[in-house]
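Engineer:
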Amino acid sequence: MDMTTPAIIDIKAAFEASGVGPVLEQLDRDLVGLAPVKRRIREIAALLLVDKLRRDNGLTAQPPTLHMSFTGNPGTGKTTVAARMADILHKLGYIRSNHLVSVTRDDLVGQYIGHTAPKTKEILKKAMGGVLFIDEAYYLYRPENERDYGQEAIEILLQVMENRRDDLVVILAGYADRMERFFTSNPGFRSRIAHHIDFPDYAPDELMQIAEYMLRDQNYRFSPEAKDAFRTYLDARMQQPHFSNARSVRNALDRARLRQAVRLFETRDQALTVDDLMTLGPQEILASRVLAPKPEQAA
Amino acid sequence: MNVVAPKRTGRYDAGVMKYKEMGYFDLDYEPKDTDVLACFRITPQDGVDADEAAAAVAGESSTATWTVVWTDRLTACDKYRAKCYRVDPVPGNPSQYFAYIAYDIELFEPDSIVNLSASIIGNVFGFKPLKALRLEDMRLPISYVKTYHGPATGIVVERERLDKFGRPLLGATVKPKLGLSGRNYGRVVYEALKGGLDFTKDDENINSQNFMHWRDRFLYCMEAVNRAQAMTGEVKGTYLNVSAGDMEQIYERAEFAKELGSTIIMIDLVIGYSAIQSIAKWARRNDMILHLHRAGHSTYTRQKSHGVSFRVIAKWMRLAGVDHIHAGTVVGKLEGDPATTRGYYDICREQYNPQALEHGLFFDQDWGGMRKLMPVASGGIHAGQMHQLLHHLGEDVVLQFGGGTIGHPMGIQAGATANRVALEAMILARNEGRDYLAEGPEILAAAAKTCTPLAQALNVWKDVTFDYASTDTPDFVPTMTPA
Amino acid sequence: MRVTQGTFSFLPDLTDEQISKQVAYCMRNGWAVNIEYTDDPHPRNTYWEMWGNPMFDLKDPAAVMYELGECRKVHKGRAYIRLSAFDATAGWESLRLSFITDRPENEDGFMLERQEVAGRSMRYTTRAYATDKPVGARY
Numbered sequence: 609m610d611m612t613t614p615a616i617i618d619i620k621a622a623f624e625a626s627g628v629g630p631v632l633e634q635l636d637r638d639l640v641g642l643a644p645v646k647r648r649i650r651e652i653a654a655l656l657l658v659d660k661l662r663r664d665n666g667l668t669a670q671p672p673t674l675h676m677s678f679t680g681n682p683g684t685g686k687t688t689v690a691a692r693m694a695d696i697l698h699k700l701g702y703i704r705s706n707h708l709v710s711v712t713r714d715d716l717v718g719q720y721i722g723h724t725a726p727k728t729k730e731i732l733k734k735a736m737g738g739v740l741f742i743d744e745a746y747y748l749y750r751p752e753n754e755r756d757y758g759q760e761a762i763e764i765l766l767q768v769m770e771n772r773r774d775d776l777v778v779i780l781a782g783y784a785d786r787m788e789r790f791f792t793s794n795p796g797f798r799s800r801i802a803h804h805i806d807f808p809d810y811a812p813d814e815l816m817q818i819a820e821y822m823l824r825d826q827n828y829r830f831s832p833e834a835k836d837a838f839r840t841y842l843d844a845r846m847q848q849p850h851f852s853n854a855r856s857v858r859n860a861l862d863r864a865r866l867r868q869a870v871r872l873f874e875t876r877d878q879a880l881t882v883d884d885l886m887t888l889g890p891q892e893i894l895a896s897r898v899l900a901p902k903p904e905q906a907a
Numbered sequence: 139m140n141v142v143a144p145k146r147t148g149r150y151d152a153g154v155m156k157y158k159e160m161g162y163f164d165l166d167y168e169p170k171d172t173d174v175l176a177c178f179r180i181t182p183q184d185g186v187d188a189d190e191a192a193a194a195v196a197g198e199s200s201t202a203t204w205t206v207v208w209t210d211r212l213t214a215c216d217k218y219r220a221k222c223y224r225v226d227p228v229p230g231n232p233s234q235y236f237a238y239i240a241y242d243i244e245l246f247e248p249d250s251i252v253n254l255s256a257s258i259i260g261n262v263f264g265f266k267p268l269k270a271l272r273l274e275d276m277r278l279p280i281s282y283v284k285t286y287h288g289p290a291t292g293i294v295v296e297r298e299r300l301d302k303f304g305r306p307l308l309g310a311t312v313k314p315k316l317g318l319s320g321r322n323y324g325r326v327v328y329e330a331l332k333g334g335l336d337f338t339k340d341d342e343n344i345n346s347q348n349f350m351h352w353r354d355r356f357l358y359c360m361e362a363v364n365r366a367q368a369m370t371g372e373v374k375g376t377y378l379n380v381s382a383g384d385m386e387q388i389y390e391r392a393e394f395a396k397e398l399g400s401t402i403i404m405i406d407l408v409i410g411y412s413a414i415q416s417i418a419k420w421a422r423r424n425d426m427i428l429h430l431h432r433a434g435h436s437t438y439t440r441q442k443s444h445g446v447s448f449r450v451i452a453k454w455m456r457l458a459g460v461d462h463i464h465a466g467t468v469v470g471k472l473e474g475d476p477a478t479t480r481g482y483y484d485i486c487r488e489q490y491n492p493q494a495l496e497h498g499l500f501f502d503q504d505w506g507g508m509r510k511l512m513p514v515a516s517g518g519i520h521a522g523q524m525h526q527l528l529h530h531l532g533e534d535v536v537l538q539f540g541g542g543t544i545g546h547p548m549g550i551q552a553g554a555t556a557n558r559v560a561l562e563a564m565i566l567a568r569n570e571g572r573d574y575l576a577e578g579p580e581i582l583a584a585a586a587k588t589c590t591p592l593a594q595a596l597n598v599w600k601d602v603t604f605d606y607a608s609t610d611t612p613d614f615v616p617t618m619t620p621a
Numbered sequence: 010m011r012v013t014q015g016t017f018s019f020l021p022d023l024t025d026e027q028i029s030k031q032v033a034y035c036m037r038n039g040w041a042v043n044i045e046y047t048d049d050p051h052p053r054n055t056y057w058e059m060w061g062n063p064m065f066d067l068k069d070p071a072a073v074m075y076e077l078g079e080c081r082k083v084h085k086g087r088a089y090i091r092l093s094a095f096d097a098t099a100g101w102e103s104l105r106l107s108f109i110t111d112r113p114e115n116e117d118g119f120m121l122e123r124q125e126v127a128g129r130s131m132r133y134t135t136r137a138y139a140t141d142k143p144v145g146a147r148y
């Protein structure tokens, strides 16, 4: 670069040209809560944009490491955000095709000798050019079984993450504490991960909002009483084991829709309106076992 | 018609009546899926009504004669009468008309181009009330197509046998056409094949003359082919012309070609349709690719007003079972309008040809699973036109560079290498997604940097083009739809 | 000598970037790409050894380049390696492109054997010099 007359680099134009802006806005709009996640994604997008400008201007040669880990409890939006991340990476030119391959241990690890390497390679090849999302990645490593084939998958994975950074971005996902233990036993992964994003649990208000978005997408809504009932339901459900945030909300709504259908069917002598077809009443919520007044044991 | 008919009372009264009234003209007739359809360009004599002329063509190409015959009544005569079902004026040419005629499938013997052509073009072309007549196109129903074997080998299997994929094949006709001894002739074959061509070719009139008897040619050519194959590790071939004065000699020559291990033989169109179908069946039985040189076709295909369009010949030859057919170059020295040529190529290479008046295709044509026929582009083409050739002719074609190989200043091998390098560079660029037609000259220039023979070829032939108006062009421009 | 089988044998050996672009072309057309290798380059040796199955449903040429890299680790310099693309379309169901990506350091070429028979007729046999040596010691 000419140091005497510094060239002007138009970062705004570069940002606009990338088309990342609308993706970030859509992320803000579509996803409830997740403020720290959205902040991290903006930071990463900014870093990648600047890095690209630096490379375009000959200030860096190496492509950055892009592998990530997403930690958080189930139902906190990790898979959804991973798909958006693929979109952002694609728009910024860090991956060639906007596609995400989502797998778990069973897709990578075989049942017998010689089975794992081809299986892992097959998945890696399908994901190449895009993003590989490995959910509950720690299951790859089973220290209790010394003949576990997971180790073979890990070795191939590490090799590809290191040698083919241009071809594949890997996102490892799972519970925070177990991921931490996984990284401790497999330091190779830790050193290859550039970005960690922690997904917090949703607050009750956020879960309510998620519920209403989900219903709206399917042309349903709560009656006012049902809405109150669902809030009560959420408070109770969050105290119980196996609570998994948005996923639990979705399951609860699925059950409520079923109960509504049964109710409408059983009262089929009465005239129905479109409004009736759309509305979930309080009875659909209050019938849940979670709210059943029974001696201290809900499931 | 300028015939004065006596007063008549019934259809079968003795005497003469108009073809239109004899059952050969019915604008309400709906062609059946199984009918053979033909489109003729008719130029009636002055004063002759176009509809009557069209009906006469239908009549004379099926059951009619000039007068009423009572023996019609011994037959289901209406079934055997061809029916003219449509007559359109030719755009921009007030003296000509397109007559569409339907023929019942029962009029035709299965698996016989001889019978098909004797019916459709047998008598009618000399018919006096017409100044001129041209068979433009035919629709052959799938039920009739299925009675033929089709190409002995076909494009896909030819490629599999040769182990050559993803690019046009390259050939050259040995020059000079006449006078080389067998020994000298084989030298040209060896040089061209070793330099990078896939095929060399006998010319149409290389048969068995005093300067070179056929067995000498075959022996020296196969020495050259085998030697070139060993020097390159690549399958090579030379089209040994087996055309001869009688079928026995054709078979004898073909058998000798097989004995020597040739992959391919050739015939001339002038040997006749029966001979072509016979040798095509022989080729299928003997794992032989069959090349057809369309010798003589221009005598009846070139003029628009009279004769048979080459697209009909191409259809007949696909049925008859040849594997290669010369179908025009667009850019070379012989007749060939781009749109019309495109129609010929589609007939050879597609499974289904939709009607495309702008390419001269008057009918939808379904080939079923019939094998495809490799078109051959030959005559006045050279390496500098590679981008245009690929653009106009596509990938499944044999490009024959005769002069463009043998006339290279550094010799035949260099000429062959120049063509092969130009071709591979163009295919590479096309596959990479480049606009190879626009960037063609740069692509060739870049390839020439590592290939001196190509640089020399580009320099020698840089300005050679054959830019003359074509005589056989479509009557319809792309925006027109059938009336 | 230089074996000139395959679509691009008359060009200088393709770089990985060029190979990758050809693979991208195959993928755009929906063709499955196959890697094969052999130590017997006879022109009629149709069945080279397959390096795994043809690769279907891939999104990016990097996947094929990765496998090509794995194949090269084992065979580079000691065999010919080629990429072939299969088109499953009705009426084709065969290869649409096939080109050599790697070749042995020294290509031994072929012996043309002639057997003189009746009259001036000749029987020809093409033999790769490499196949005179046992498997594993050819290149």
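Listed in order, the protein sequences are those of chains A, B and C.
With the numbering used here as the guide, the letters of the first sequence map in order to residues 609 to 907.
With the numbering used here as the guide, the letters of the second sequence map in order to residues 139 to 621.
With the numbering used here as the guide, the letters of the third sequence map in order to residues 10 to 148.
C-beta atoms are modelled at their ideal positions from N, C-alpha and C, and glycine is treated no differently.
Fair warning: this is a prediction, and the values are worked out from it, not measured in the lab.
1. Could you tell me whether any Cβ in chain C is nearer than 9 angstroms to the Cβ of D775 (chain A)?
2. Just to confirm the assignment, what range does the beta strand (DSSP E) spanning V709 (chain A) have?
3. Is there a Cβ of chain C sitting closer than 9 angstroms to that of F337 (chain B), yes or no?
4. Is there a C-beta anywhere in chain B that falls below 9 angstroms from the one on V160 (chain C)?
5. Hey, which unbroken runs of the alpha helix (DSSP H) at 4 residues or more fall wholly within the stretch 349-418 of chain B?
6. Is there contact here, the stretch 18-29 of chain C with the stretch 46-65 of chain C, by at least three beta-carbon pairs under 8 angstroms?
7. If I measure Cβ to Cβ from G320 (chain B) and keep anything under 6 angstroms in the same chain, skipping five residues before and after, which residues do I get?
8. Can you tell me the Cα-Cα spacing of R747 (chain A) and F741 (chain A), whole angstroms?
9. Taking the continuous alpha helix (DSSP H) assigned at A654 (chain A), which residues delimit it?
10. Pick from B:H462, B:E570, B:T609, B:G532: whose alpha carbon is nearest that of F337 (chain B)?
11. For P513 (chain B), which of helix, strand or coil comes out of DSSP?
12. Would a check of beta-carbon distances place L732 (chain A) closer than 9 angstroms to chain C?
13. Determine whether the Cβ of Q493 (chain B) lies closer than 9 angstroms to any Cβ atom of chain C.
14. In three-state DSSP terms, what is A802 (chain A)?
15. For H675 (chain A) and V711 (chain A), I'd like the C-alpha separation in whole angstroms.
16. Check the Cβ of H707 (chain A) against every Cβ in chain C and list those closer than 9 angstroms, keeping chain order.
17. Grouping DSSP H, G and I as helix and E and B as strand, with all else coil, what is E788 (chain A)?
18. Just verifying my parser: in three-state terms, what is the DSSP assignment at G541 (chain B)?
19. For P63 (chain C) and V42 (chain C), what's the separation of their Cα atoms in angstroms?
20. Does S107 (chain C) come out as helix, strand or coil in the three-state DSSP assignment?
21. Between A521 (chain B) and chain C, is any beta-carbon pair separated by less than 9 angstroms?
22. Identify whether T609 (chain B) lies in helix, strand or coil by the three-state DSSP scheme.
23. Per DSSP, which one or two residues make a beta bridge with H679 (chain B)?
24. Using a Cβ-Cβ cutoff of less than 8 angstroms, which residues in the same chain neighbour G15 (chain C) once the five nearest sequence positions on both sides are dropped?
25. So R772 (chain A) contacts chain C; which residues on that side make the cut at Cβ distance below 8 angstroms?
26. Just to check my reading of the structure: E274 (chain B) and S443 (chain B) have Cβ atoms closer than 8 angstroms, yes? What is that Cβ distance to the nearest angstrom?
27. For T668 (chain A), does the three-state DSSP call read helix, strand or coil?
28. Distance check for G334 (chain B) and G582 (chain B), CA to CA, integer angstroms please.
29. Considering Q234 (chain B), what are the terminal residues of the beta strand (DSSP E) in which it resides?
30. Determine, using beta carbons only, whether Y223 (chain B) and A202 (chain B) come nearer to each other than 9 angstroms.
31. Any beta carbon of chain C sitting closer than 9 angstroms to that of M369 (chain B)?
32. Looking only at C-alpha atoms, which of B:V206, B:E198, B:P612 sits nearest to D151 (chain B)?
33. Quick one: using the 10 Å Cβ neighbour count with 16 as the cut-off for buried, is S400 (chain B) buried or exposed?
34. Taking 9 angstroms as the CB-CB cut-off, is P751 (chain A) touching chain C?
35. Would H530 (chain B) be called buried (16 or more neighbouring beta carbons within 10 Å of its own) or exposed?
Structural biologist: Reading from the atomic positions:
1. Here residue 775 (chain A) refers to the residue found at position 167 of the first sequence. Interface residue, yes.
2. In the first sequence, the residue the question calls residue 709 (chain A) occupies position 101. It spans 708-711 - the beta strand (DSSP E) in which V709 (chain A) sits, taken as one unbroken run.
3. Walking along the second sequence from the start, residue 337 (chain B) turns up at place 199. It does not: the Cβ of F337 (chain B) has no partner Cβ on chain C nearer than 9 angstroms.
4. Nothing in the structure corresponds to residue 160 (chain C), since chain C is present only between 10 and 148.
5. Complete alpha helix (DSSP H) runs here, min 4: 352-370, 385-397.
6. The stretch 46-65 of chain C and the stretch 18-29 of chain C do not touch, with fewer than three beta-carbon pairs separated by less than 8 angstroms.
7. One-based indexing of the second sequence puts residue 320 (chain B) at position 182. Taken in chain order, the residues that qualify are M350, D354, R355, Y358.
8. In the first sequence, counting from the first residue as 1, residue 747 (chain A) sits at position 139. In the first sequence, counting from the first residue as 1, residue 741 (chain A) sits at position 133. Position check: residue 747 (chain A) holds Tyr in this sequence, whereas Arg was assumed. Per the coordinates, the alpha-carbon of Y747 (chain A) lies some 14 angstroms from the alpha-carbon of F741 (chain A).
9. Locating residue 654 (chain A) in the first sequence gives position 46, where the first residue counts as 1. Note, A654 (chain A): alpha helix (DSSP H), 643-664.
10. Taking the second sequence and counting its residues from 1, one reaches residue 337 (chain B) at position 199. Checking every option, the nearest Cα to that of F337 (chain B) belongs to B:H462.
11. Taking the second sequence and counting its residues from 1, the one referred to as residue 513 (chain B) is at position 375. DSSP places P513 (chain B) in strand when its eight states are reduced to three.
12. On the first sequence, position 124 is the one that residue 732 (chain A) refers to. It does: the Cβ of L732 (chain A) has a partner Cβ on chain C nearer than 9 angstroms.
13. The residue labelled residue 493 (chain B) in the question sits at position 355 within the second sequence. For Q493 (chain B), the answer is no, since every Cβ of chain C falls outside 9 angstroms of its Cβ.
14. As a first step, residue 802 (chain A) must be located in the first sequence, where it is residue number 194. Here A802 (chain A) sits in coil by DSSP.
15. Against the first sequence, residue 675 (chain A) aligns to sequence position 67. Against the first sequence, residue 711 (chain A) aligns to sequence position 103. Distance between the alpha carbons of H675 (chain A) and V711 (chain A): 16 angstroms.
16. Counting from 1 along the first sequence, the entry for residue 707 (chain A) is found at position 99. Listed along chain C are K68, D69, each with a C-beta nearer than 9 angstroms to that of H707 (chain A).
17. In the first sequence, counting from the first residue as 1, residue 788 (chain A) sits at position 180. Reduced to three states, the DSSP call for E788 (chain A) is helix.
18. Walking along the second sequence from the start, residue 541 (chain B) turns up at place 403. Collapsing the DSSP output to three states places G541 (chain B) in a helix.
19. Taking the first residue of the third sequence as position 1, residue 63 (chain C) is located at position 54. Taking the first residue of the third sequence as position 1, residue 42 (chain C) is located at position 33. Approximately 5 angstroms between the Cα atoms of the pair.
20. If you number the third sequence from 1, residue 107 (chain C) lands on position 98. Strand at S107 (chain C).
21. As a position in the second sequence, residue 521 (chain B) is number 383, starting the count at 1. So, not an interface residue.
22. Within the second sequence, the letter at position 471 stands for residue 609 (chain B). In the three-state scheme derived from DSSP, where H, G and I count as helix and E and B as strand, T609 (chain B) is classed as coil.
23. No answer is possible for residue 679 (chain B): it lies beyond the span of chain B, which begins at 139 and ends at 621.
24. Position 6 of the third sequence, counted from the first residue, corresponds to residue 15 (chain C). Result list for G15 (chain C): R91, S107, F108, I109, in chain order.
25. Along the first sequence, read from residue 1 onward, the residue named residue 772 (chain A) stands at position 164. Listed along the chain, the chain C residues whose CB falls inside 8 angstroms of the CB of R772 (chain A) are A71, Y75.
26. Translated into positions along the second sequence, residue 274 (chain B) becomes position 136. Translated into positions along the second sequence, residue 443 (chain B) becomes position 305. Contact flag wrong, Cβ pair sits at about 11 angstroms.
27. If you number the first sequence from 1, residue 668 (chain A) lands on position 60. Here T668 (chain A) sits in coil by DSSP.
28. As a first step, residue 582 (chain B) must be located in the second sequence, where it is residue number 444. As a first step, residue 334 (chain B) must be located in the second sequence, where it is residue number 196. In the sequence on display, residue 582 (chain B) carries Leu and not Gly. Inter-residue distance for L582 (chain B) and G334 (chain B) is about 17 angstroms (C-alpha atoms, whole angstroms).
29. The residue labelled residue 234 (chain B) in the question sits at position 96 within the second sequence. First-last of the beta strand (DSSP E) with Q234 (chain B): 231-241.
30. For the purposes of this step, residue 223 (chain B) is identified with residue 85 of the second sequence, where counting begins at 1. For the purposes of this step, residue 202 (chain B) is identified with residue 64 of the second sequence, where counting begins at 1. Contact: no.
31. In the second sequence, counting from the first residue as 1, residue 369 (chain B) sits at position 231. At a cut-off of 9 angstroms between beta-carbon atoms, M369 (chain B) makes contact with chain C.
32. To locate residue 151 (chain B), count along the second sequence from 1; it is residue 13. Comparing Cα positions, the closest option is B:V206.
33. The count along the second sequence starts at 1 and reaches residue 400 (chain B) at position 262. Using a 10 angstroms sphere on the CB of S400 (chain B), the tally of other CB atoms reaches 16 or more, which defines it as buried.
34. Numbered from its first residue, the first sequence carries residue 751 (chain A) at position 143. No, P751 (chain A) does not count as interfacial toward chain C.
35. Counted from its first residue, the second sequence places residue 530 (chain B) at position 392. Classification for H530 (chain B): buried.
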